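In short: position in the sequence shown from 1, add 60, done, that's this note's numbering. For each residue, glycine too, the CB sits at the ideal point set by N, CA and C. Remember, predicted model here, so these are calculated numbers, not experimental data. Here is the structure we will look at, set down as structure tokens.
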Amino acid sequence: MDSELAVLAASGATTLVSLMVTDSWTHARELVGRYLTRTGADPDMFDDLQDTRTRVLAADSTERERTAREVSRRYGDRLRRLTEADDGSGEALRALLTSLLQLSASAAVSRRTVDNRINGGVQHGPVVQSGTVTGLTFHVDHVDRTDRQ
């Protein structure tokens with residue numbers, strides 16, 4: 061059973077980390093939070109999830125893969141220990157993994173590539189097309205139209 065729990069925990073951790081970089085993260089965090097609460101995990105572990113996500117997102121593309129592997133190993137060990145301490149059967153971990161895999165599959169289906177093109181006319185500044193934009197700042201020089209002739 062130990063090897064099965066190790067495989068389940070590793071798979072759960074890998075799926076969790078892959079969801080950290082998707083729009084499904086909030087839902088994944090809630091699922092993991094319920095699991096952590098049920099197993100009596102240290103409350104700091106839930107806060108650590110958000111900090112870990114921030115670290116994964118902040119890593120550049122070459123560093124992100126290494127960071128994701130490191131985080132997956134760490135969370136795999138934590139999930140395995142929690143499962144062993146809970147009752148050792150792994151049923152709650154199996155249910156969590158099933159939910160995370162379903163969430164991951166739906167996140168993969170919803171990813172789309174957007175290709176916007178602007179034709180004609182003159183744009184005198186940045187053009188942004190998005191559903192949601194946060195934390196965006198433009199620094200542009202203002203040119204008075206009366207000075208252009």
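Local conformation of residue i per DSSP, three classes
i	result
R94	helix
D104	helix
E71	Residue identity check: residue 71 is Ser in the sequence provided, not Glu. Looking at S71 - three-state DSSP - the assignment turns out to be helix.
A128	helix
Q162	helix
S121	helix
V187	coil
V77	helix
H87	helix
S63	helix
Given residue i as reference, the closest of the options once Cα atoms are compared
i	options	result
S132	T197, V81 and V77	V77
H87	S71, D102 and L109	L109
M80	V67, L160, L153 and G181	L160
T99	T114, R134, L139 and A118	L139
T127	A73, V92 and L156	A73
Y135	D120, A101, H199 and G195	A101
V63	P103, D137 and R115	In the sequence as displayed, the identity of residue 63 is Ser instead of Val. Of P103, D137 and R115, the residue nearest in Cα terms is D137.
Q189	I178, D147 and R124	I178
R89	V187, G185, G195 and L163	L163
Rounded Cβ spacing between residue i and residue j (contact assumed at less than 8 Å)
i	j	result
A69	T143	6 Å
M105	L96	6 Å
V200	G185	5 Å
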